Amino acid sequence: MIRKVEQDIVRKTFVDIDGLRTSVYASLIRYLEEKEYIRWRPFDASCDNGATLKDLDVYKMRTFIHMARSKVTSLCQ
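Numbering (my numbering), first residue to last: 122 to 198.
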């Protein structure tokens, strides 16, 4: 079992708490990117997650458009 697990793990050394913190932070960011909890690409360039037009909420879209138009109108005045 140890031999099998050793193929998938990465060992890193650290000298102080700041080095440990940096390594843990980098690993967390990598994990969140792999799970697509955070993305660096534009939304419209992301992978298809199986969403369809039926998944769109008409009320939420209308509310968003209304808010956006209100902000644009207030900026233009």
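The beta-carbon is built from N, C-alpha and C at its ideal position, and this holds for glycine as well.
Note that the coordinates shown come from a computational prediction; the quantities given were computed from them, not determined experimentally.
To the nearest angstrom, how far is the alpha carbon of residue 142 from that of residue 195? If I take the Cα positions, the gap works out to 45 Å.
C-alpha gap between residue 180 and residue 161, whole angstroms: Linking residue 180 to residue 161 through their CA atoms gives a straight-line distance of about 29 Å.
Go to residue 141, then tell me how far its alpha helix (DSSP H) extends in each direction, as first and last residue. In the DSSP annotation of this structure, the continuous segment of the alpha helix (DSSP H) that includes residue 141 starts and ends at 138-155.
Pull up the distance between the alpha-carbon of residue 152 and that of residue 187, whole angstroms please. Going by C-alpha positions, residue 152 is about 37 Å away from residue 187.
DSSP three-state assignment for residue 184, whether helix, strand or coil: Residue state, collapsed to three classes: helix.
Residue 123, enclosing alpha helix (DSSP H) - first and last residue: Segment 123-127, the alpha helix (DSSP H) holding residue 123.
Can the beta-carbon of residue 148 be found closer than 8 Å to that of residue 135? Not a contact, by the Cβ cut-off of 8 Å.
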